[in-house]
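2 protein chains.
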Amino acid sequence: MKKAVILLSGGLDSTTCLAYAKHHKFDCYALSFNYNQRHNVELDAAKKIAAHFGAKHKIFNLEVNQFGGSALTDTNINVPDYDEKNTHIPVTYVPARNTIFLSIALAWAEVLNAKDIFIGVSHVDYSGYPDCRPEYIKAFQDLANLATKFGVEEGGIKIHTPIIHLSKAETIKLGHGLGVDYGMTVSCYKANEQGYACGKCDSCALRKKGFAEAMIADATRYNVT
Amino acid sequence: MKKAVILLSGGLDSTTCLAYAKHHKFDCYALSFNYNQRHNVELDAAKKIAAHFGAKHKIFNLEVNQFGGSALTDTNINVPDYDEKNTHIPVTYVPARNTIFLSIALAWAEVLNAKDIFIGVSHVDYSGYPDCRPEYIKAFQDLANLATKFGVEEGGIKIHTPIIHLSKAETIKLGHGLGVDYGMTVSCYKANEQGYACGKCDSCALRKKGFAEAMIADATRYNVT
Numbered sequence: 070m071k072k073a074v075i076l077l078s079g080g081l082d083s084t085t086c087l088a089y090a091k092h093h094k095f096d097c098y099a100l101s102f103n104y105n106q107r108h109n110v111e112l113d114a115a116k117k118i119a120a121h122f123g124a125k126h127k128i129f130n131l132e133v134n135q136f137g138g139s140a141l142t143d144t145n146i147n148v149p150d151y152d153e154k155n156t157h158i159p160v161t162y163v164p165a166r167n168t169i170f171l172s173i174a175l176a177w178a179e180v181l182n183a184k185d186i187f188i189g190v191s192h193v194d195y196s197g198y199p200d201c202r203p204e205y206i207k208a209f210q211d212l213a214n215l216a217t218k219f220g221v222e223e224g225g226i227k228i229h230t231p232i233i234h235l236s237k238a239e240t241i242k243l244g245h246g247l248g249v250d251y252g253m254t255v256s257c258y259k260a261n262e263q264g265y266a267c268g269k270c271d272s273c274a275l276r277k278k279g280f281a282e283a284m285i286a287d288a289t290r291y292n293v294t
Numbered sequence: 070m071k072k073a074v075i076l077l078s079g080g081l082d083s084t085t086c087l088a089y090a091k092h093h094k095f096d097c098y099a100l101s102f103n104y105n106q107r108h109n110v111e112l113d114a115a116k117k118i119a120a121h122f123g124a125k126h127k128i129f130n131l132e133v134n135q136f137g138g139s140a141l142t143d144t145n146i147n148v149p150d151y152d153e154k155n156t157h158i159p160v161t162y163v164p165a166r167n168t169i170f171l172s173i174a175l176a177w178a179e180v181l182n183a184k185d186i187f188i189g190v191s192h193v194d195y196s197g198y199p200d201c202r203p204e205y206i207k208a209f210q211d212l213a214n215l216a217t218k219f220g221v222e223e224g225g226i227k228i229h230t231p232i233i234h235l236s237k238a239e240t241i242k243l244g245h246g247l248g249v250d251y252g253m254t255v256s257c258y259k260a261n262e263q264g265y266a267c268g269k270c271d272s273c274a275l276r277k278k279g280f281a282e283a284m285i286a287d288a289t290r291y292n293v294t
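Line by line, the protein sequences are chains A and B. The numbering of the first sequence is this note's numbering, which starts it at 70 and goes up by one. The numbering of the second sequence is this note's numbering, which starts it at 70 and goes up by one.
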């Protein structure tokens with residue numbers, strides 16, 4: 070079995086990627102980050118999801134909050150409600166997040182001698198983040214093959230993005246077909262300590278719309294108080 | 070004054086870069102990493118050097134040692150003595166290290182709105198690391214402009230490598246001309262707790278040779294016991 074490193078936040082997209090990698094017979098090494106994100110109930114979800122899929126799992130502590138600059142890690146910036154008219158990169162954007170996550174995944178992959186890294190980015194129903202676009206992923210893959218001992222000597226590092234061209238509804242259909250229980254996943258930027266979703270942030274809005282369009286029952290636990 | 074983030078290990082090369090950036094009138098934000106490197110007396114040196122140059126300074130804790138795979142962070146692998154016949158990438162290579170360091174520098178740069186990042190890599194007298202080559206730096210710069218909000222919206226992120234084409238001797242001459250006191254810096258992979266160098270590892274061998282070729286007195290403190 071080929072080894073793969075899977076970036077696993079505990080949300081809907083990354084869980085679908087893990088199910089996809091598992092379905093394609095990869096030996097899965099799931100990697101989550103504790104970056105003092107407001108929605109760190111994700112990490113509890115990630116642990117359960119990794120165990121459910123029989124994946125090895127590491128949680129990497131990352132002090133990006135010492136830089137501030139994002140509503141997800143800086144308590145001085147509020148997470149806004151969803152606004153479909155907003156076309157700018159939103160304040161929930163975390164500076165260089167996917168670059169940092171992929172770099173650390175690459176380090177683990179090199180130690181494992183795993184040539185395959187999975188990341189659940191989508192440029193369709195995404196929140197306007199620049200590091201979710203195909204050209205960004207291509208640039209990272211090129212970098213990875215120049216950056217590392219095994220990339221240079223053997224080549225062929227591949228960044229897999231199985232949902233990059235999928236809408237949220239299509240991702241949900243894909244995962245549903247692979248048997249994913251989305252009730253285990255947490256996407257909300259403002260989930261409470263029990264993992265209940267706010268139903269109002271960008272992430273909740275996109276997720277709700279996805280289930281509706283996919284015509285699949287939404288197993289998300291919403292905080293209705 | 071333009072802000073710049075300078076990767077500062079506390080060694081000879083990165084200290085020369087800081088002096089260079091300072092000389093070119095950048096407002097300097099020095100960034101060091103605590104990755105449980107064996108030679109963590111570097112960090113004490115980095116603190117003193119940043120203060121000496123009037124730079125802001127952050128130390129970022131990074132648990133890359135949880136992956137192992139390098140003699141610099143894995144206590145099960147010995148640091149070998151210098152062997153000029155070795156043309157392979159050596160065991161002191163830390164998987165994806167510069168990619169991780171640059172990614173985190175990029176995050177800080179974005180929060181600071183700094184478009185300039187300095188890194189003291191050289192592909193001349195280097196230890197055979199793939200992430201010290203010009204094509205790697207070029208690939209990272211391309212990535213940085215695709216990856217970040219300010220890269221995408223404004224462009225022009227630049228990764229400065231003032232010593233990339235310099236031999237160790239030329240780097241020492243450059244720094245000497247800028248008034249660097251190399252006695253403050255620590256390069257040795259096996260320095261003791263007081264910062265005294267072993268004189269035998271790759272890093273010591275290259276440094277010694279550099280001072281000899283530059284015909285500048287070697288201020289390095291060697292452990293002669």
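We put the beta carbon where it would ideally sit given N, CA and C, even for glycine.
At a cut-off of 8 Å between beta carbons, Phe136(A) contacts chain B.
Listed along chain B are Ile169, Ser172, Ile173, Leu175, Ala176, each with a C-beta nearer than 9 Å to that of Ile169(A). For Ala99(A), the three-state secondary structure derived from DSSP is strand. In the DSSP annotation of this structure, the continuous segment of the beta strand (DSSP E) that includes Lys125(A) starts and ends at 125-130. Proximity of Leu215(A) to chain B, defined by a Cβ-Cβ separation below 8 Å, is satisfied. Residues of the same chain with a CB within less than 6 Å of the CB of Gly225(A), apart from the 5 flanking positions on each side, are Lys184 in chain order.
In this structure, Cys97(B) lies near Ala73(B), with their beta-carbon atoms less than 8 Å apart. The C-beta of Asn130(A) comes closer than 8 Å to at least one C-beta of chain B.
Taking a cut-off of 8 Å on C-beta distances, the segment 162-170 of chain A touches the segment 204-218 of chain B, as three or more cross pairs fall below it. The C-alpha of Pro199(B) is placed about 22 Å away from the C-alpha of Val255(B). DSSP places Tyr291(B) within a strand segment (E or B) once states are collapsed to three. Between Tyr205(A) and chain B, the shortest Cβ-Cβ separation is below 8 Å. Looking at the backbone, the Cα of Tyr291(A) and that of Gly252(A) are separated by about 11 Å. Residue environment for Glu262(B): exposed (fewer than 16 other C-beta atoms within 10 angstroms of its C-beta). A direct Cα-to-Cα measurement between Ala274(A) and Ala281(A) gives close to 11 Å. The shortest C-alpha to C-alpha distance from Ala178(B) to any of Gly264(B), Ile118(B), Ile75(B) is the one to Ile75(B). With fewer than 16 other beta carbons inside 10 angstroms of its own, Glu223(A) counts as exposed.
The Cβ atoms of Arg276(B) and Leu81(B) sit closer than 8 Å to each other. Gly279(B) sits buried, since 16 or more C-beta atoms from the chains shown fall within 10 Å of its C-beta. For Ala174(A) against Asp211(B), the beta-carbon gap comes to about 19 Å, at or over 8 Å, which does not count as contact. Non-local C-beta neighbours of Asn130(A) in its own chain, meaning closer than 7 Å and more than five positions away in sequence, comprise Asn103, ordered along the chain.
Asp211(B) reaches chain A at Ala208, Asp211, Leu212, counting residues in chain order whose Cβ is nearer than 9 Å.
In the structure shown, Ala260(B) falls within a coil segment according to DSSP collapsed to helix, strand and coil.
In this structure, the beta-carbon distance from Val193(A) to His245(A) does not fall below 8 Å. In the same chain as Ala283(B), and ignoring 5 residues on each side of it, the C-beta atoms closer than 6 Å to its own belong to Ala238, Ile241, Lys242, in chain order.
Taking the Cα positions, Thr289(A) is about 28 Å away from Asn134(A). Contact annotation: Phe136(A) and Ala88(A) have beta-carbon atoms that are not nearer than 8 Å.
Non-local beta-carbon contacts of Cys257(A) in its own chain, meaning distances under 7 Å to residues more than five positions away in sequence, involve His108, Ala266, Cys267, Cys270, Ser272, Cys273 in chain order.
Cβ contact annotation for Thr85(B) (same chain, cutoff 7 Å, sequence separation greater than five): Gly189, Ile232, Thr240, Leu243, Gly244, Val249, in chain order. Cβ-Cβ distances below 8 Å link Ser236(B) to Ser191, Val193, Asp194, Gly279, Glu282 in the same chain, with the five nearest sequence neighbours on each side left out; the list follows chain order.
Met70(A) is a Cβ neighbour of Lys94(A), given a cutoff of 8 Å.
The C-beta of Ala114(B) comes no closer than 8 Å to any C-beta of chain A. Look at Leu76(B) here: in three-state DSSP terms it is strand. Per DSSP, the continuous beta strand (DSSP E) segment holding Lys227(B) begins and ends at 227-229.
Looking at the DSSP output, Ala266(B) sits in a beta bridge with Tyr291(B). DSSP, read as helix, strand or coil, puts Ile186(A) in strand.
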